[in-house]
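Colleague: Structure provided below as structure tokens; questions to follow.
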Amino acid sequence: MISKAKGTYDVLPTESYKWHTLEEKARQICVLFGYKEVRTPIFEYREVFHRQNEQSDMVTKETYNFMDKGDRGLTLRPEGTAGVIRSFVENKLYVENPLNKLYYIGPNFRYERPQKGRFRQFSQFGVEAIGSNDPALDAEVIGLAYAFIQKLGLKGVRVRINTLGDNESRADFKDALKKHFEPHVDTLCDDCKLRIEKNPLRILDCKVDQQHPAVLKAPTTQDYLNDSSKDYFQQVLAYLDAANIDYEIAPKLVRGLDYYTHTVFEIEADIEGFGAQNVLGGGGRYQSLVKELGGPDLPGIGFAFGMERLIIAMESENIAFNEDKVNDIFLIATDTTARIQAIKLLFEARQQGLVADMDFVSTSFKAQLKSGLKSNAKYLGIIGESELQNKTVSLKNTTTQQQEEIPVKIAIRSVKSWLGK
Ligand code: AMP
24 MISKAKGTYD
34 VLPTESYKWH
44 TLEEKARQIC
54 VLFGYKEVRT
64 PIFEYREVFH
74 RQNEQSDMVT
84 KETYNFMDKG
94 DRGLTLRPEG
104 TAGVIRSFVE
114 NKLYVENPLN
124 KLYYIGPNFR
134 YERPQKGRFR
144 QFSQFGVEAI
154 GSNDPALDAE
164 VIGLAYAFIQ
174 KLGLKGVRVR
184 INTLGDNESR
194 ADFKDALKKH
204 FEPHVDTLCD
214 DCKLRIEKNP
224 LRILDCKVDQ
234 QHPAVLKAPT
244 TQDYLNDSSK
254 DYFQQVLAYL
264 DAANIDYEIA
274 PKLVRGLDYY
284 THTVFEIEAD
294 IEGFGAQNVL
304 GGGGRYQSLV
314 KELGGPDLPG
324 IGFAFGMERL
334 IIAMESENIA
344 FNEDKVNDIF
354 LIATDTTARI
364 QAIKLLFEAR
374 QQGLVADMDF
384 VSTSFKAQLK
394 SGLKSNAKYL
404 GIIGESELQN
414 KTVSLKNTTT
424 QQQEEIPVKI
434 AIRSVKSWLG
444 K
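FYI, in the working numbering the residues of the sequence shown are 24 to 444.
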């Protein structure tokens, strides 16, 4: 037996309805907010992700890179944003509309150490709004994430928000962190030793050094914001208040990726027994990514949720998913001639919008009946010798156990009206 690759999982037929629920609700929210779907390739040329300014672990250590037969360097996408921006630039989406509101749902790949809520292939639902510096747009994007969480029915969830300020504030903050951490270089973890030079912001969200005294006492972004960055953040908060969105300010929040400026945020689960991987989603504003990928100087803001973690969160809170539809009618035929009639009705039922099925494995009446009951069908449609002769079908309501012989011609119509369809 060959097993699945490490860090991957199967969505079995008994679970897939959970994914459908999540995806449907994501799409519904995006329609309400005016976001349109974009589907980009699962692999891109490696330059899309491996950019000079991107030194995050995710890109430098965790990507799946390979050469194709034409000697082209490719990377399986580790996140959604860079591919969406590549497509935005390549297809010149900015020419038609000054603001593009996009969303995506699909798999990403990271070579991480698998654990509960962390996989090597995982799925994200994310949005990107590209083309405006309006702080109201930050509130709209955070509001979309918030509305999605509410639509799923999740209660134990909070929105945490911070600002990194504009490029100037961010650079000052970076210098201050460098100075702050340099005397502690020997006691930081190996990764953080390197981060001091490359990107000291990342030390603040290092999992290993979380409780390091120097991390606990580190300066926060707020101390290094220039006036316009402060003002920008205040406006974002005012819009969030106006939109009735609950949030808390998290001064140490920096997020993993290197392209963020101004607003960053996370949606965190505060659910008992949820486990360490409690960040359901996160995002932020980016100033130079579009330009870095060869496009015009346009800002963007976006977020991504991990679908697996949302499912775990919903399960932890015992939230019901929309179950798959059960059969409205299950047809049972006692011999080959009756089977022809059954197939006819089966297809008519489906054409009329009824969920319908029959047994394709067993031919004995008893076994077919068993399959019909196991499928939880609301009605059984039985065609035997006498029904064939009478040009009827016996319709049995599996809840009331009542059975009626109905002319074939009006059988499906009758079931439909009994079901109120
Ligand atoms: P990021 O792209 O790292 O900002 O992650 C956004 C969200 O994607 C996280 O909050 C998680 O919900 C999800 N996520 C990221 N990496 C993984 C992973 N390896 N396995 C499962 N979910 C992940």
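Glycine included, each C-beta is placed from N, C-alpha and C at the ideal position. Note that the coordinates shown come from a computational prediction; the quantities given were computed from them, not determined experimentally.
(1) Excluding the 5 residues flanking C215 on each side, which residues of the same chain have their C-beta closer than 6 Å to its C-beta?
(2) May I ask you to report which of helix, strand or coil DSSP gives V259?
(3) Could you pull the start and end residues of the alpha helix (DSSP H) that G317 belongs to?
(4) Along the chain, where does the beta strand (DSSP E) that runs through P430 open and close?
(5) Looking at the ligand AMP, does it come within less than 7 Å of V302, judged from the CB to the closest heavy atom?
(6) Quick one: any contact between the stretch 389-409 and the stretch 417-428, if contact means 3 or more CB pairs under 8 Å?
(7) Which value, in whole angstroms, describes the spacing of the CA atoms of T98 and G129?
(8) In chain order, what residues of the same chain have a beta carbon less than 7 Å from the beta carbon of G329, not counting five sequence neighbours either side?
(9) Under 7 Å: does the beta carbon of F72 sit that close to some heavy atom of the ligand AMP?
(10) May I ask you to report which of helix, strand or coil DSSP gives E205?
(11) Given the structure, does R332 come close to the ligand AMP, in the sense that its CB is under 7 Å from one of the ligand's heavy atoms?
(12) Taking the straight line between their C-alpha atoms, what separation do you get for A273 and H235?
(13) Measuring only from the beta carbon, is R133 closer than 7 Å to any heavy atom that is part of the ligand AMP?
(14) Under the criterion of a Cβ to heavy atom distance below 7 Å, does G305 qualify as lining the ligand AMP?
(15) Just to confirm my understanding: we take K29, look at its own chain, exclude 5 residues before and 5 after, and list those with CB closer than 8 Å. What are they?
(16) Residues in the same chain with beta-carbon distance under 7 Å from G407, minus the five sequence neighbours each way, listed in chain order, please.
(17) Does at least one heavy atom of the ligand AMP sit under 7 Å from the Cβ of M81?
(18) Can you tell me the Cβ-Cβ gap for S447 and L248, rounded? I've got them flagged as a contact below 8 Å.
(19) Taking buried to mean at least 16 other C-beta atoms within 10 Å of its own C-beta, is A292 buried or exposed?
(20) I'd like the span of the alpha helix (DSSP H) that includes T359, first residue to last.
(21) From what residue to what residue does the beta strand (DSSP E) around A327 run?
(22) Could you give the DSSP three-state label for N190: helix, strand or coil?
(23) Considering only the alpha carbon of each residue, which of Y117, K84, Y68 and I355 lies closest to G93?
(24) Enumerate, from N- to C-terminal direction, the unbroken alpha helix (DSSP H) stretches of 4 or more residues contained entirely within the stretch 223-297.
(25) Should P158 go down as buried or exposed, given a rule of 16 or more other Cβ atoms within 10 Å for buried?
(26) May I ask you to report which of helix, strand or coil DSSP gives G93?
(27) Less than 8 Å between the beta carbons of K115 and Y58, yes or no?
(28) If I follow the unbroken beta strand (DSSP E) through V150, where does it start and stop?
(29) Assign P158 to one of three DSSP states: helix, strand, or coil.
(30) With DSSP as the reference, please indicate the residues paired to F353 in a beta bridge.
(31) If you measure between the beta carbons of I15 and I172, is that distance less than 8 Å?
(32) Any chance the CB of R308 is under 7 Å from a heavy atom of the ligand AMP?
(33) Is S114 helix, strand or coil when you go by DSSP?
(34) Report the three-state DSSP secondary structure of N413 (helix, strand or coil).
(35) So what's G443 in DSSP terms, helix, strand or just coil?
Modeller: Considering the structure as presented:
(1) I226, C229 and D232
(2) DSSP places V259 in helix when its eight states are reduced to three.
(3) Looking at the DSSP string, G317 is not in any alpha helix (DSSP H), and its letter there is neither H nor E.
(4) Q426 to P430
(5) When distances are taken from the beta-carbon of V302 to the heavy atoms of the ligand AMP, the shortest one is below 7 Å.
(6) yes
(7) Approximately 16 Å, taken between the alpha carbons.
(8) F145, Q147, L303 and G304
(9) no
(10) helix
(11) yes
(12) 18 Å
(13) Yes, the ligand AMP has a heavy atom inside 7 Å of this Cβ.
(14) yes
(15) P137 and R143
(16) In the same chain as G407, and ignoring 5 residues on each side of it, the C-beta atoms closer than 7 Å to its own belong to T357 and A361, in chain order.
(17) yes
(18) Nothing can be reported for residue 447: it is not among the residues displayed for the chain, which extend from 24 to 444.
(19) By the neighbour-count rule (16 or more Cβ atoms within 10 Å), A292 is buried.
(20) T359 -> alpha helix (DSSP H) spans T359 to Q374.
(21) Segment G323 to G329, the beta strand (DSSP E) holding A327.
(22) helix
(23) Nearest neighbour of G93 by Cα position, chosen from Y117, K84, Y68 and I355, turns out to be Y68.
(24) List check, alpha helix (DSSP H) in window: 224-227, 236-239 and 250-265.
(25) buried
(26) coil
(27) Contact annotation: K115 and Y58 have beta-carbon atoms that are not nearer than 8 Å.
(28) Q144 to I153
(29) Shown here, P158 sits in a helix according to DSSP, grouped into three states.
(30) For F353, which the question treats as bridged, DSSP gives the partners D380 and L403.
(31) No statement about residue 15 is possible, as the shown extent of the chain runs from 24 to 444 and does not include it.
(32) no
(33) In the sequence on display, residue 114 carries Asn and not Ser. Reduced to three states, the DSSP call for N114 is coil.
(34) The DSSP-derived three-state label of N413 is helix.
(35) coil
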